[in-house]
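There are 2 protein chains.
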Amino acid sequence: MQEVQQILKARNLRSTQSRKEILTYLLSNKYAVAHADVEKTLSELDRVTIYRTLSTFMEKGIIHQVSDDTGATKYAVCSHQCDSLGHHDEHVHFKCVKCEQIQCIDTVEIPDIDLPEGFRPLYSNYLIYGVCKEC
Amino acid sequence: MQEVQQILKARNLRSTQSRKEILTYLLSNKYAVAHADVEKTLSELDRVTIYRTLSTFMEKGIIHQVSDDTGATKYAVCSHQCDSLGHHDEHVHFKCVKCEQIQCIDTVEIPDIDLPEGFRPLYSNYLIYGVCKEC
DNA sequence: TTTGTTTTTGCAACATACTTGCAAATATAC
DNA sequence: GTATATTTGCAAGTATGTTGCAAAAACAAA
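Going down the list, the sequences are from chains Z and X. Going by numbering that gives the first Met the number 0, 105 is the number at position 106 of the first sequence; the sequence numbering is gapless. Going by numbering that gives the first Met the number 0, 99 is the number at position 100 of the second sequence; the sequence numbering is gapless.
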């Protein structure tokens, strides 16, 4: 059984053609991808199916969301053991101002912060903008 | 001359009715506001005028952007000396998972990060999710 | 305080991102 | 192979953001 089917089965998700194709695409991409990217690449799939599949993958901890300033949500495959109970891969993301690609910086954990009295932190997002290795 | 007019004049922006109302609203709000919030509150203003005004205020360093996981851009008044040449108020933002409001945590600077070889950071966004003081 | 110039606004139309309901199709378990 | 529950595709709708252009408003200077 291939990797994608194992990932789906482990989350009790049916191995449908759409899911296998979308997951394969996500795994093959070193950068975070937007819905539009999936749609362009897998053009035979319905837009709504792609939205729903990404949403399902999020819930099941297969992928995580990265929000940048463009308004379009991007997604990347989780590197560690995430599941329906939560995401456990709090790492920094890097967005290149030249190529505009977002990548996970898995080697760097998000540093903790001393918040003012009364604020209880749960999780966080840290996005660094700059010029990436490749550019 | 009122505060809002001084702010506009200092940036060489004409003191129009729309700008004065939108800026007053932004200043009166302790949380980050979305375009939709402005539209609901100042319902006599045209949608496009609000978009353009927020965009102008961004360029002139009057407000800054906060991106969260909802896809809708939010804005908050800059606390320090920002201008057309750039924003200089790199602070942490906090989004409450109960009331869903975003506020600036002006007292905490974004901690620096040691990026892998080859990455050149320029600026960053750090958003912490959790339960706020009020909730 | 009127006039001329430049900026801003409002409208129409468009573009992109995302959601919901429902019937038909498909995956899985038996 | 059949029953059942899940998933998909289509249609339609909502939310968010943009662009071009003519009319209106702000400002400066006579």
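All C-beta atoms, glycine included, are put in the ideal place defined by N, C-alpha and C. Treat the numbers as computed from the prediction; the structure is a model and nothing was measured.
- Query: Using a C-beta to C-beta distance shorter than 7 Å, which residues of chain X count as neighbours of residue 19 of chain Z?
  - Reply: Ordered by position in chain X, no residue passes the 7 Å Cβ test against residue 19 of chain Z, which lies about 27 Å from the chain.
- Item | Beta-ladder partner(s) of residue 108 of chain Z, from DSSP | Z/90
- Query: When we look at the beta-carbon of residue 87 of chain X and count the other beta-carbons within 10 Å, is it buried (16 or more) or exposed?
  - Reply: exposed
- Message: Quick check on residue 60 of chain Z - is its C-beta less than 8 Å from some C-beta in chain X?
- Response: no
- Query: Can you tell me whether DSSP reads residue 13 of chain Z as helix, strand or coil?
  - Reply: coil
- Task: Output the boundary residues of the alpha helix (DSSP H) element that contains residue 29 of chain X.
- Result: First-last for residue 29 of chain X: undefined, no H or E at that position.
- Message: Quick check: what's the CA-CA separation for residue 98 of chain X versus residue 56 of chain X?
- Response: 26 Å
- Short check: CB of residue 65 of chain X to CB of residue 119 of chain Z, under 8 Å? no
- Buried or exposed (CB count within 10 angstroms, at least 16 for buried), residue 32 of chain X: So residue 32 of chain X counts as buried.
- Of all the options X/54, X/60 and X/24, which has the alpha carbon lying nearest to the alpha carbon of residue 84 of chain X? X/60
- Query: How would you write the range of the alpha helix (DSSP H) that residue 123 of chain Z sits in, first residue to last?
  - Reply: Per DSSP, residue 123 of chain Z belongs to no alpha helix (DSSP H); it is in the beta strand (DSSP E), 119 to 130.
- Task: Could you spell out the range, first to last residue, of the beta strand (DSSP E) harbouring residue 97 of chain Z?
- Result: It is not in any beta strand (DSSP E) - residue 97 of chain Z carries neither H nor E in the DSSP assignment.
- Considering only C-alpha positions, which residue in the set X/74, X/8 and X/7 is nearest to residue 35 of chain X? X/74
- Query: Which residues in the same chain as residue 13 of chain X place their Cβ atom closer than 8 Å to its Cβ, once the five residues preceding and following it in sequence are excluded?
  - Reply: Result list for residue 13 of chain X: 7, in chain order.
- What three-state label does DSSP hand residue 36 of chain Z in the structure shown? helix
- Message: Please classify residue 47 of chain Z as buried or exposed, where buried requires at least 16 other C-beta atoms within 10 Å of its C-beta.
- Response: Note on residue 47 of chain Z: under 16 other CB atoms within 10 angstroms of its CB, so exposed under the neighbour-count rule.
- Inter-residue spacing [alpha-carbon to alpha-carbon] between residue 121 of chain Z and residue 93 of chain Z: 21 Å
- Message: The alpha helix (DSSP H) that contains residue 49 of chain Z, what's its start and end?
- Response: Boundaries of the alpha helix (DSSP H) harbouring residue 49 of chain Z: 46 to 58, taken from the DSSP string.
- Message: On the DSSP bridge list, what partners appear for residue 103 of chain X?
- Response: Per DSSP, X/92.
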